[in-house]
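Quick note: the sequence shown uses the working numbering, first residue 58, plus one each step.
Accompanying notes for the structure given below.
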Amino acid sequence: MQKSILITGARGGMGRATALAAAECGFRVFALDRDAGEEIRNDNIIFIEADVTNEDSVKAAFDIVKEKTDTLFAIVHFAGIYMLDSLIEMECEDFEKIFKINLGGVFLINKTFMQMLGEGSRILITTSELAPLDPLPFTGIYAVTKGALDKYAYSLRMELQLKNIQVSVLRAGAVSTGMLGVSTAALDRFCEKTELYTCNADRFKKIVDSVEARSIAPEAIAKKVMGILSKKRAHFAYSINRNPLLLMLNAMPKRLQFFIIRQVLKEKKQKHPDK
């Protein structure tokens, strides 16, 4: 009997690559995404246009899946957005939006499709390498949502283990997807609009550019996901392409972390020639 997998964010680089990899492994893939972009041509992939933050949209997606199968072997979460901003200057609607998508969307999908998960099924949630780390300036809002998602996943694993359903997280570093372009554009916009951190933000952009230069292909994520789903007893957390500099910084005492970031990003005073 063919097993079925539900993948959110299936139009994006990681979601698309994973959908194709799963289909090639013989799974029937229900590929959810709110973007009705180029169709993925594979007989084992069924694309469903859905907004993971909208209850009616998710319910409609559930009805479509229910017509095809009564059970899901796994739910794999990729849907999410990246946002870079100052925690003081960002708009209230942006603050609410990123939580609604990055955390609320996962909650709504799991709640809706839970009845299709039986013993031995899996839920895999893509968080971020930033999730277990101390947040950096300007990436704080993204890191906070991913940290909350990581904690949600841990709590969900605690509960669903009682139903013999495994929950895991994939903490991925930089991946060569459209998300990197989005993050670069977001940083450019922030550097232009910020009134509090003009010099700091410009220097931070150079750091972000160097970090994202170490990106990996989305196919590497797909391979990792398929490896996790194939394990009889999956661990809670898996990592891929974590940045060594971020790990080193996080290993330092918090007082030293604050000092280093302050020295790297602080505004330099202008030198005036002697009169």
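Glycine included, each C-beta is placed from N, C-alpha and C at the ideal position.
Consult DSSP for residue i and reduce its assignment to one of helix, strand or coil.
i	result
residue 183	strand
residue 222	coil
residue 276	helix
residue 193	coil
residue 252	coil
residue 90	strand
residue 332	In this predicted model, residue 332 has a pLDDT of only 45, less than 50, meaning its place in the structure is not dependable; the value taken from the coordinates is given anyway. In this structure, residue 332 counts as coil in the three-state DSSP scheme.
residue 97	coil
residue 247	helix
residue 228	strand
residue 65	strand
residue 214	helix
residue 114	helix
residue 85	strand
residue 315	helix
residue 294	strand
Please report the Cβ distance between residue i and residue j, rounded to the nearest whole angstrom; I am assuming they are in contact, meaning their Cβ atoms lie under 8 Å.
i	j	result
residue 333	residue 102	There is simply no residue 333 to check, as the chain begins at 58 and stops at 332 in what is shown.
residue 75	residue 133	6 Å
residue 67	residue 90	5 Å
residue 71	residue 170	Contact flag wrong, Cβ pair sits at about 20 Å.
residue 231	residue 271	6 Å
residue 335	residue 168	Outside the displayed span of the chain (58 to 332) sits residue 335, for which this structure offers no information.
residue 303	residue 190	6 Å
residue 78	residue 279	4 Å
With a CB to CB cut of under 7 Å and the five nearest residues on each side skipped, what residues in its chain are close to residue i?
i	result
residue 159	137, 138, 202, 203, 206
residue 151	140, 142
residue 296	186, 228
residue 322	194, 257, 260, 261
residue 177	221
residue 147	198
residue 274	233
Report all residues from its chain with a CB closer than 8 Å to the CB of residue i; omit the five preceding and five following residues, and keep chain order.
i	result
residue 214	223, 224, 225, 293
Please return the same chain residues whose Cβ sits closer than 6 Å to the Cβ of residue i, not counting the five positions on each side in sequence.
i	result
residue 318	none
residue 200	187, 192
residue 122	87
residue 60	84, 130
residue 175	128
residue 173	128, 129
residue 291	223, 225, 285
Would you say residue i lies against chain B (beta-carbon separation less than 7 Å)?
i	result
residue 186	Reference to chain B is not applicable here, since this structure consists of a single protein chain.
Does the stretch 279-287 come close enough to the stretch 73-84 that 3 or more CB-CB pairs lie under 8 Å? yes
In chain order, each beta strand (DSSP E) run of at least 3 residues that lies wholly inside the stretch 119-169: 129-134
Check whether the stretch 110-129 and the stretch 138-150 touch, using three or more Cβ-Cβ pairs below 8 Å as the test. no
Check whether the stretch 154-163 touches the stretch 200-211, counting contact only when three or more Cβ pairs, one atom from each stretch, lie closer than 8 Å. yes
Stretch-stretch touch, CB-based, cutoff 8 Å, three pairs: the stretch 216-230 with the stretch 165-185: yes
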